[in-house]
Amino acid sequence: SPSSARSSSAAFLFAGLSCCIISAASATSQLTAPTNTSLMRIPSSAFTSSTSLAFKNRAVNSMQQQFNSKTASSAAAAAASASPNKKSKLIMNAAASTTTTSSYRPLQNFRKSLHHSYIEQLSSEDPHNLEKSLARKSNVHPGRPIYNGHYVKVRPTALKNPKLVIYSPEMVRDLGFEEGEVYSEEFVAYFSGDVDGATTSTTDGNGEEMEGLNEIETWATPYALSIMGKRYTNNCPYGTGDGYGDGRAISIGEVVVPFNDDNGDSSNESLYPKHAARYELQLKGAGQTPFCRGADGRAVLRSSIREFLASEAMHHLGISTTRALSLIVSDDPGGDTSARPWYSDRAQTRALPTMDDPRLAQYDDQQKREIISQIAAQNKADPDVMREEKCAITTRVASSF
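Take the sequence shown: its letters are residues -27 to -1, 1 to 374, numbered as in mature numbering (1 follows the signal peptide of the UniProt record, and there is no 0).
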């Protein structure tokens, strides 16, 4: 139908872009669904309809046993060949866990690699400005003005009933996660916004955390808007620029990988060697931040899939861009949904001007035809219905300087 064609055109575009990954990268799959099945095999129609999760769940059910078997075999082989000095690792998935020893916990390496230079070296809003800002916060508007500071500390709003949809194995390796760790409840919880609840596996029976784990920090950053050197404030809700920032993106950590955990030296230079890579991780659709202008702070599965595919495709085409680590959806039953504008079959495009339209009187016939042709090419219907869609969170990863 015309409505389905309009609503799915962008998804088809990015699904097409994703095919470039295969030709631009190595023969191994660069994107992985939770079934170890390449996303390229999922039909484009799944990206634009409510059947996408049903498709994924059928694949999960049919492939989960194969994954469990492979994980157990890999863990056994790794244990047999590992050097006595190397730490054993815990391999986990959504259905079961296979351990070589109990020494490794999900998110353990991630917590050790955290190094928040942005938070440590820059400043947040001072107490006076925070008090002034809170005084202007209303019950109607979710945001508040930010008068100073490089960041605002804010915790994500966790998704209900989170389920892993897809992840990038390459990004998982680059960030130092263990094989299979993406299937752990802790990974899914952390990267769906439950950053505090996800750390229970790294505590003992008394609630004390394991040694060597770094503090979790989460924050949002303000922005300035300048066009051709001119400062713009007219679309700021306060008319001053104090409300500029991302209303639904929250940074959840800055990591240095690889980090050095085995030399017994606790100096900063030793733990974070200069040859290591530094990344910042951010959740898109993680709930409202102080910069929110009135929306719900969420992203939906449809647009999140497009962003995931486009960012990874651009990377493998050699274009420096933000990477995607994982995509997690708020699944049924009881998952989070958001209302989004959509097109019904009744959506109508605007009427085109005719050759005798008085607004075109100053042009000759050839110019009139060209103008009408240009308007026709740009003529689009406006969304005319609201549709509830499942919320999702994409974890974006970028080099941090």
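C-beta: ideal position from N, C-alpha, C; glycine also.
Burial state of residue i, where buried means 16 or more other Cβ atoms lie within 10 Å
i, result
"Phe374", "exposed"
"Asp269", "buried"
"Leu95", "exposed"
"Gly166", "buried"
"Ser106", "buried"
"residue 376", "Only positions -27 to 374 of the chain appear in this structure, which leaves residue 376 out of reach."
"Arg275", "buried"
"Tyr316", "buried"
"Lys203", "exposed"
"Ile200", "exposed"
"Gly212", "exposed"
"Leu198", "exposed"
"Glu181", "exposed"
"Glu104", "exposed"
Residue i to residue j span [Cα, whole Å]
i, j, result
"Leu282", "Pro331", "46 Å"
"Val155", "Val161", "7 Å"
"Arg360", "Ser303", "16 Å"
"Pro79", "Ser97", "31 Å"
"Tyr120", "Ile344", "46 Å"
"Thr71", "Arg271", "Confidence at Thr71 is low in this model, with a pLDDT of 35, below 50, so its placement is unreliable and no value can be given for it."
"Ser284", "Ser141", "11 Å"
"Ala27", "Asp305", "Residue placement at Ala27 is flagged as unreliable, the pLDDT there being 41, under the threshold of 50; a coordinate-derived value is accordingly withheld."
"Val273", "Arg128", "19 Å"
"Tyr163", "Pro356", "34 Å"
"Glu151", "Ile348", "54 Å"
"Ser311", "Pro210", "23 Å"
"Tyr124", "Asn102", "13 Å"
"His248", "Val228", "13 Å"
"residue 460", "Gln340", "The question about residue 460 has no answer here: the residues shown for the chain are numbered -27 through 374."
"residue 375", "His114", "Because the chain in this structure spans residues -27 to 374, residue 375 falls outside the shown range and cannot be described."
"Ile292", "Met144", "16 Å"
Coarse secondary structure for residue i, derived from DSSP in three states
i, result
"Glu159", "helix"
"Gln255", "strand"
"Gly307", "coil"
"Arg266", "coil"
"Pro135", "strand"
"Met201", "coil"
"Pro100", "helix"
"Ser46", "Here the model assigns Ser46 a pLDDT of 48, short of 50, so the residue's position is not dependable, and the following value carries that caveat. If DSSP states are grouped into helix, strand and coil, Ser46 belongs with the helices."
"Lys363", "strand"
"Ala250", "strand"
"Glu143", "helix"
"Pro331", "helix"
"Lys353", "coil"
"Val358", "strand"
"Ser224", "strand"
"Ile292", "coil"
"Leu282", "helix"
"Glu182", "strand"
"Tyr217", "coil"
"Ile301", "strand"
"residue 377", "The structure shown has nothing for residue 377, since the chain only spans -27 to 374."
"Lys110", "coil"
"Tyr91", "helix"
"Thr206", "coil"
Among the options, the one whose alpha carbon lies nearest that of residue i
i, options, result
"Gly307", "Pro118, Lys363, Arg146", "Lys363"
"Thr322", "Arg296, Arg342, Ala334, Ala350", "Ala350"
"Leu87", "Lys353, Lys110, Val230, Val370", "Val230"
"Ala259", "Ile200, Asn102, Pro135", "Pro135"
"Pro100", "Lys257, Lys110, Gly122", "Gly122"
"Ser111", "Arg266, Ile278, Ala312, Thr194", "Arg266"
"Ser90", "Val145, Gly212, Thr368, Trp192", "Trp192"
"Thr314", "Gln339, Ser293, Lys341, Ala354", "The sequence as given places Pro at residue 314; Thr does not occur at that position. Closest option to Pro314, Cα to Cα, is Ala354."
"Lys309", "Ser76, Val113, Thr130", "What sits at residue 309 in the sequence shown is Asp, not Lys. Selected option, being the one with the closest Cα: Thr130."
"Glu93", "Lys126, Asp338, Ser277", "Lys126"
"Phe83", "Gly116, Arg109, Arg146", "Arg146"
"Tyr196", "Phe264, Glu143, Gly116", "Phe264"
"Tyr77", "Tyr336, Thr294, Lys257, Gly153", "Gly153"
Test item: CB-CB of residue i and residue j under 9 Å
i, j, result
"Leu290", "Val138", "no"
"Thr173", "Ile223", "no"
"Ser372", "Ala286", "no"
"Gly226", "Glu184", "no"
"Thr206", "Gly218", "no"
"Val168", "Tyr252", "no"
"Pro118", "Gly220", "no"
"Ile366", "Leu132", "yes"
"Ala297", "Thr194", "no"
"Leu254", "Gln81", "no"
"Glu188", "Ala171", "no"
"Leu325", "Asn352", "yes"
"Arg319", "Met328", "no"
Proximity test, residue i beta-carbon vs the ligand COA heavy atom, cut-off 8 Å
i, result
"Ala297", "Although the ligand COA was asked about, the structure shown includes no ligands whatsoever."
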